[in-house]
Amino acid sequence: GLTVTMEDGVVKVIAPTADTPADRAGMKAGDYITHINKELIFGMTLDEAVAQMRGKPGTQIEITVVREGRDKPMELTITREIIDLKPVKWEVKGDVGVLTITSFSADAARDLKGAMTAVEKSLGQRPRGWILDLRSNPGGLLDEAVGVSDVFLERGEIVSQRGRRKGDIERYFAEPGDLAYGAPVIVLIDAGSASASEIVAGALQDQHRAVVMGERSFGKGSVQTVLPLTDTTALRLTTARYYTPSGRSVQEGGIEPDIRVPQLTDPDYATRPKFRESDLRRHLINEKKVDNGLLEKDEKPDPRFSSTPEELKAKGIKDFQLHYALETIGRIKPAERVAQAAKPAAKPAARRN
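Take a look at the structure:
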């Protein structure tokens, strides 16, 4: 239930997968795994460390993590289980449908449509609005990202894929039929939202179909092609980049939310570092220089959000970002919802070569 990388001989957590043993045990993005069952893993390869974490379902594993902002290492006990990931989950919060996509695996778009139907049946009517939760979603298949975006769009470009040569551009467009019928949509993202998640967030943001809320996303906007060399080896090349409808590349900089909302219910939120594409060694540089001021905003606290985890817990709020999104949809009046859906779509920007 983890997406991990190796950094300076230590396993670093990019993001835990939602509702998996690691997530439920309290693993967070940015954690460093130093010991497995009291055994130091420094010097192991990533594959060796991952192999140590795997085991028989029902057995327990003790993982020691170092988290920035904590004085001492943390001991997390995880019970192994077979992880059968469902890419789409749904729930009803009041009169709002909450749709969570954990990965863009095969049939994610189809499952999303089924989830929306289930929400409508549960309510007995169409919901007041939708929240599309893409937090900690590492991405997946391009076709599924296009399909998910198309669910909420009536028309317009979703994403373009551009190669090295002039004219080597492939564009993907929405087909008529907004299955949300113009109801307001809020997309939740965080530093663990990558690749296909950024395609969806960028498309709905540029086409003025959704408000993007949360934290700046991971910044994975490149396309890799695997070229077999022998029976046991292959070469992975970066062959293209993804661009949003307005011509933005999300590589390095990620998707900047329309409304920045910190996860105040996480007691380590303020001190835990955010791990993104730009932090990876030898990462692909954006052809347009990323604005450092944009990146520095991540470190600046917003005076509007000052509640402590203890205060929120006392109010029964377990997920502040989701809570704020629900409140925001509740403040949108019906007339405003129609106006939001009727905004003109973004036009693709001219590309300079």
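In the numbering used here, the protein residues as written are 12 to 364.
Note that beta-carbon positions come from the ideal geometry of N, C-alpha and C, so glycine has one too.
Bear in mind that the values here come from a model prediction, so they are computed numbers and not experimental data.
Roughly how many angstroms lie between the CA atoms of residue i and residue j, to the nearest whole one?
{"i": "P268", "j": "L51", "result": "39 Å"}
{"i": "L13", "j": "M38", "result": "9 Å"}
{"i": "A221", "j": "L215", "result": "5 Å"}
{"i": "R292", "j": "Y43", "result": "Here R292 scores only 49 on pLDDT, less than 50, and its place in the model should not be relied on; the value that follows carries that caveat. Computed Cα separation, rounded: 17 Å."}
{"i": "L164", "j": "F184", "result": "9 Å"}
{"i": "Q332", "j": "P239", "result": "43 Å"}
{"i": "K124", "j": "V170", "result": "20 Å"}
{"i": "L199", "j": "A207", "result": "14 Å"}
{"i": "D279", "j": "G203", "result": "16 Å"}
{"i": "R247", "j": "G151", "result": "16 Å"}
{"i": "F229", "j": "D277", "result": "19 Å"}
{"i": "G167", "j": "V196", "result": "17 Å"}
{"i": "S133", "j": "D144", "result": "19 Å"}
{"i": "K329", "j": "E322", "result": "11 Å"}
{"i": "I47", "j": "K100", "result": "31 Å"}
{"i": "A281", "j": "P187", "result": "43 Å"}
{"i": "G327", "j": "G105", "result": "15 Å"}
Applying the 10 Å Cβ sphere with the 16-neighbour rule, what's the burial state of residue i?
{"i": "M64", "result": "buried"}
{"i": "T111", "result": "buried"}
{"i": "S147", "result": "buried"}
{"i": "P251", "result": "Checking the displayed sequence, the identity of residue 251 turns out to be Ala instead of Pro. It is buried - the Cβ of A251 has at least 16 other Cβ atoms within 10 Å."}
{"i": "I270", "result": "exposed"}
{"i": "T241", "result": "exposed"}
{"i": "G135", "result": "exposed"}
{"i": "Q235", "result": "exposed"}
{"i": "T127", "result": "Note that residue 127 corresponds to Met in the displayed sequence, not to Thr. That one is buried."}
{"i": "A62", "result": "exposed"}
{"i": "V162", "result": "buried"}
{"i": "R315", "result": "exposed"}
{"i": "D201", "result": "buried"}
{"i": "A212", "result": "buried"}
{"i": "A26", "result": "buried"}
May I ask you to list the residues that DSSP assigns as paired with residue i?
{"i": "A26", "result": "T14"}
{"i": "V170", "result": "Y183"}
{"i": "H46", "result": "L51 and T75"}
{"i": "T85", "result": "Checking the displayed sequence, the identity of residue 85 turns out to be Met instead of Thr. V76, per the DSSP bridge assignment."}
{"i": "G151", "result": "F115"}
{"i": "V21", "result": "E18"}
{"i": "V196", "result": "W141"}
{"i": "T56", "result": "DSSP, once it has assigned bridges, lists no residue as partnering T56."}
{"i": "T90", "result": "Q71"}
Let me see if you follow: with CB-CB separation under 8 Å, is residue i close to chain C or not?
{"i": "E181", "result": "Note that chain C does not occur in the displayed structure, where there is just one protein chain."}
Query raised in the report: Three or more beta-carbon pairs under 8 Å between the stretch 93-100 and the stretch 191-208, yes or no?
Result: no
Report task. Tell me the start and end of each unbroken alpha helix (DSSP H) in the stretch 199-287 that is at least 4 residues and wholly inside, in chain order. Result -> 207-217
Query raised in the report: Touching or not, the stretch 333-346 and the stretch 221-241, by the rule of three or more beta carbon pairs under 8 Å?
Result: yes
Query raised in the report: Quick one: complete alpha helix (DSSP H) runs, 4+ long, within the stretch 93-149?
Result: 119-134
Report task. Count the CB pairs spanning the stretch 69-77 and the stretch 105-125 that are closer than 8 Å, and state whether there are at least three. Result -> With a cut-off of 8 Å, the stretch 105-125 and the stretch 69-77 do not count as touching, because too few Cβ pairs lie within range.
Query - Secondary structure, alpha helix (DSSP H): runs of 4+ residues fully inside the stretch 318-342 - result: 320-325 and 331-342
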